[in-house]
Amino acid sequence: MEKAIKTDRRILRTKQSIKNSFLELFSEKNFEQITINEIADRANVNRGTVYLHYSDKYDLLDKCIEDHINEIITLCKKREISSPGIGTEYKPVFDYFSDHYPFFSAMFANERVFLFRDRLLNFLSDNMMAKMNSSNPIANEMQAQFMASAFIGIVEWWIRKQNAAIHSIHGRSGEKFIREKPGL
2 MEKAIKTDRR ILRTKQSIKN SFLELFSEKN FEQITINEIA DRANVNRGTV YLHYSDKYDL
62 LDKCIEDHIN EIITLCKKRE ISSPGIGTEY KPVFDYFSDH YPFFSAMFAN ERVFLFRDRL
122 LNFLSDNMMA KMNSSNPIAN EMQAQFMASA FIGIVEWWIR KQNAAIHSIH GRSGEKFIRE
182 KPGL
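Note that my numbering has the sequence shown beginning at 2, numbered continuously upward.
In structure tokens:
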């Protein structure tokens, strides 16, 4: 029987400190201006420690994005089990965006980071297409792209407005909007 490998808590704390430092810097300046030395200094670790866990700042950014996308996927899958259908899982997603506002604010504010937006769009679109039952795959894909893009647009608008109080409205309104599928 294989044993699950347990990661040392010190390693987890170090990685979290590096990620937090990176995200702080990311919210202060453009991605291209951030250096590994700055990340290491802010995290209070040696530069070599950063390289021990991440190959470069691009890898660090990728891991941060991957962590959050995976959390969103997990949230959506949990919600799908209890209430399958298009649009029902968005309230917990908005709550997640609210809980991790500094990360998402930095992601959407830094215009050079299209990778996050692209991954989120692909996940949402694929998730919606899987729930559609039309016999026309092109129509399904177009509708899924439209709804995913609209959702991301609402999230970007909400983050740019910096209004944490409106997140509770979005889950219900977005769900209703998606269910009604208004015509253009």
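From the three backbone atoms N, C-alpha and C, an ideal C-beta is built for every residue, glycine too.
In this text, all values refer to a predicted model and were calculated from it rather than measured experimentally.
Counted within 10 angstroms of its Cβ, other Cβ atoms place residue i as buried (16 or more) or exposed
i	result
Y52	exposed
K7	exposed
M143	exposed
S56	exposed
K162	exposed
Contacts around residue i, its chain only, beta-carbon distance under 8 Å, and the 5 residues preceding and following it disregarded
i	result
L76	E90, P93, V94 and Y97
N141	M130, M133 and S135
L24	C65, P103, F104 and A107
C-beta atoms of residue i and residue j nearer than 9 Å
i	j	result
R48	I35	no
I12	L61	no
I73	K58	no
Residues near residue i in its chain [Cβ-Cβ closer than 6 Å; skip 5 each side]
i	result
F109	E157 and I160
Neighbourhood of residue i by C-beta distance below 7 Å, restricted to the same chain and skipping five residues each side
i	result
F211	The question about residue 211 has no answer, for the chain in this structure spans 2 to 185.
S126	A145, Q146 and A149
I70	R120, L121 and F124
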